[in-house]
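Participant:
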Amino acid sequence: MPDFLYIHIPFCARKCIYCDFLSFPYDRDLALGYIRALCTELTLRKEGSGPLRSVYIGGGTPTSLPEDAFEMLFNVLREQYAFSSDAEITVEANPGSVDASKFRLLADLGVNRISIGIQSFIDDELKTLQRIHSSAEAVRAVETAEKVGIRNISVDLMYGIPGQTASSFQRSLSTACSLAPVHISTYELTPEERTPLFSEIRSGKLLLPEEEEVIGMYACAIDYLTSRGFSHYEISNFAVPGYESRHNLNYWDRGEYLGAGAGAHSFRGGSRARNTSDMNRYIHDLERSILPEEDSAIVSPEEALEELIFLGLRKTQGIALSAAEALGTDLVRSSGELIEQGYLETDSRFIRLTDKGLVLSNMVIVRLMKELGL
Ligand code: SF4
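Numbered per our numbering, the sequence shown spans residues 1137 to 1510.
#1: Determine whether the beta carbon atoms of G1285 and A1243 lie at a separation below 8 Å.
#2: Check whether the stretch 1255-1265 and the stretch 1217-1228 touch, using three or more Cβ-Cβ pairs below 8 Å as the test.
#3: Taking 7 Å as the cut-off, is the CB of C1152 close to at least one heavy atom of the ligand SF4?
#4: With a threshold of 7 Å (Cβ to nearest heavy atom), would G1365 be considered close to the ligand SF4?
#5: Taking 7 Å as the cut-off, does the CB of F1305 come closer than this to any heavy atom belonging to the ligand SF4?
#6: Quick check on DSSP: helix, strand or coil for D1389?
#7: Mind checking S1425: buried by the 16 CB within 10 Å criterion, or exposed?
#8: Could you compute how far the alpha carbon of N1416 sits from the alpha carbon of L1422?
#9: Please report the distance separating the alpha-carbon of G1365 from that of D1204.
#10: The ligand SF4 and T1199: does any heavy atom of the ligand fall closer than 7 Å to the residue's C-beta?
#11: Using 8 Å for Cβ pairs, my map puts V1500 next to G1493. What's the rounded Cβ distance?
#12: Going by the CB atoms, is the gap between H1144 and G1395 shorter than 8 Å?
#13: Using the three-state DSSP reduction, which class does F1257 fall into: helix, strand or coil?
#14: Does DSSP classify N1416 as helix, strand or coil?
#15: Can you look up L1457 in the DSSP assignment and give me helix, strand or coil?
#16: Flag this pair as yes or no: are the beta carbons of R1455 and G1464 separated by less than 8 Å?
#17: Roughly how many whole angstroms lie between the Cα atoms of Q1306 and E1348?
#18: Of all the options L1467, V1435 and N1384, which has the alpha carbon lying nearest to the alpha carbon of Y1192?
#19: Hey, V1291 and I1268 are a contact pair by Cβ (cut 8 Å); roughly how many whole angstroms apart?
#20: DSSP on S1470, reduced to helix/strand/coil?
#21: Tell me which residue opens and which closes the beta strand (DSSP E) that E1336 is part of.
#22: Just to confirm the assignment, what range does the alpha helix (DSSP H) spanning A1440 have?
#23: Going straight from the alpha carbon of R1488 to that of E1481, what length do you get?
#24: Does the beta-carbon of N1411, which I'm using as the reference point, lie nearer than 7 Å to any heavy atom of the ligand SF4?
#25: C1148 bridges to which residues according to DSSP?
#26: Assuming Y1162 contacts C1175 (C-beta within less than 8 Å), just tell me the rounded distance between them.
#27: Taking 7 Å as the cut-off, is the beta-carbon of G1196 closer than that to any non-hydrogen atom of the ligand SF4?
#28: Contact between the stretch 1331-1339 and the stretch 1351-1367 is defined here as three or more beta-carbon pairs at a separation below 8 Å; is this criterion met?
#29: According to DSSP, simplified to helix, strand and coil, what is D1421?
#30: Which residue comes first and which comes last in the alpha helix (DSSP H) that contains Y1479?
#31: Return helix, strand or coil for E1177, following the three-state DSSP convention.
#32: Under the criterion of a Cβ to heavy atom distance below 7 Å, does F1157 qualify as lining the ligand SF4?
#33: Return helix, strand or coil for Y1154, following the three-state DSSP convention.
#34: How would you write the range of the alpha helix (DSSP H) that C1272 sits in, first residue to last?
#35: If K1520 and E1370 are in contact, beta carbons under 8 Å, what's the gap, nearest whole angstrom?
#36: If you run the structure through DSSP and keep just helix, strand and coil, what is Y1192?
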């Protein structure tokens, strides 16, 4: 029975230019109707869960919800689910939709980890991304979360933003560190098809930094953050030791989890399932106490191996060789050439990306999959 729960809140004040996540423009009536449906789903799913070790409320922008919606949600969570005494309870926050009152309420409800989507501390870059917040609001959001007593704060930053330079990214990194969060994620901006960013790049209105510059920004994040005491525990994630994200580690370890909310995925008993992304159907099904699952499939041994590689290699600890052996694969043998070329390294228990492999991780993963015939 999974002891990890993910809850999706698909509302945002405004769509960011690069976003391809499931999110709808925030509307109070729709959001309250959604939360009522979500509460029904959580009640229907409670049988399948053990005492929760982690609850992760992501989005969208969970903090776009009004305070009464959070109260409704946590009332149902506390009534229907048991929590382990050290449960990690995370809420993703947008600096443009939080204030001291909302953070205080979240802390009172038991939220002990806040992941703040800042992306950049440079106002021009935030404007390019069409984020709703300014750099000053981002600083204030971190300080306010700290003031209400939430110590476990994560900050998301982005590199590869049009107009960003090595020195402006360095400024974002050092501003982030000056606020003393215990966790920092740095993601490369990738223009997904069907986003306005993709069209603007294709039409030449926006220009991404050169690939070499982007690789340099990633290398700079690794050097700077590790020199400041962060452990680089996953391709994009850095933590003060002991503050690695429990929710994310479970995902990369292929641990089981329950997902609730429109478009949310679950993984349990060797099957992956997905809820409908259609908001009307989601609410309508749950009004009739029907779980709004759209599809569900047993993960085949090949798919399990594929997941083990693309998720496991993300962790700097790497993949446990025993996990690959359990799927009938000798990863060291299949990785011979990649090890010789210095992209992968192995010891008696794990196989992992080297520093050289980390910056070219996509290429290494594709080559390894090919070698394994996946
Ligand atoms: S805040 Fe996040 S989920 Fe919402 S539109 Fe922006 S990137 Fe997408």
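All C-beta atoms in this analysis are idealised placements derived from N, C-alpha and C, irrespective of residue type, glycine included.
Facilitator: Let me spell this out:
#1: Result yes, Cβ atoms of G1285 and A1243 sit closer than 8 Å.
#2: Counting Cβ pairs under 8 Å, fewer than three are found: no touch.
#3: Taking non-hydrogen atoms of the ligand SF4 into account, the C-beta of C1152 is found less than 7 Å away from one of them.
#4: No, the beta carbon of G1365 sits no closer than 7 Å to any heavy atom of the ligand SF4.
#5: no
#6: coil
#7: With fewer than 16 Cβ atoms within 10 Å of its Cβ, S1425 is classed as exposed.
#8: 10 Å
#9: 39 Å
#10: For the ligand SF4, not one heavy atom lies less than 7 Å from the Cβ of T1199.
#11: Indeed they touch by this definition, with Cβ atoms about 5 Å apart.
#12: yes
#13: coil
#14: helix
#15: helix
#16: The sequence given here places Ile at residue 1455; Arg does not occur at that position. No; because the gap between Cβ atoms is not below 8 Å, this pair is not in contact.
#17: 16 Å
#18: N1384
#19: That pair is no contact at about 17 Å.
#20: It is helical.
#21: Taken as a continuous stretch (DSSP letters only), E1336 belongs to no beta strand (DSSP E), being part of the alpha helix (DSSP H) at P1332 to R1338.
#22: P1437 to G1448
#23: Just so you know, the alpha carbons of R1488 and E1481 end up roughly 6 Å apart.
#24: no
#25: Under the DSSP definition of a beta bridge, C1148 partners with P1161.
#26: With a Cβ gap of about 19 Å, Y1162 and C1175 do not count as contacting.
#27: Yes, since a heavy atom of the ligand SF4 falls inside the 7 Å radius drawn around the Cβ of G1196.
#28: no
#29: helix
#30: That residue, Y1479, is in no alpha helix (DSSP H); it is neither H nor E in DSSP.
#31: helix
#32: yes
#33: coil
#34: Checking the sequence shown, residue 1272 turns out to be Ala, not Cys. Its alpha helix (DSSP H) spans residues S1271 to K1283.
#35: For the chain, the structure presents residues 1137 to 1510; residue 1520 sits outside this window and is missing.
#36: strand
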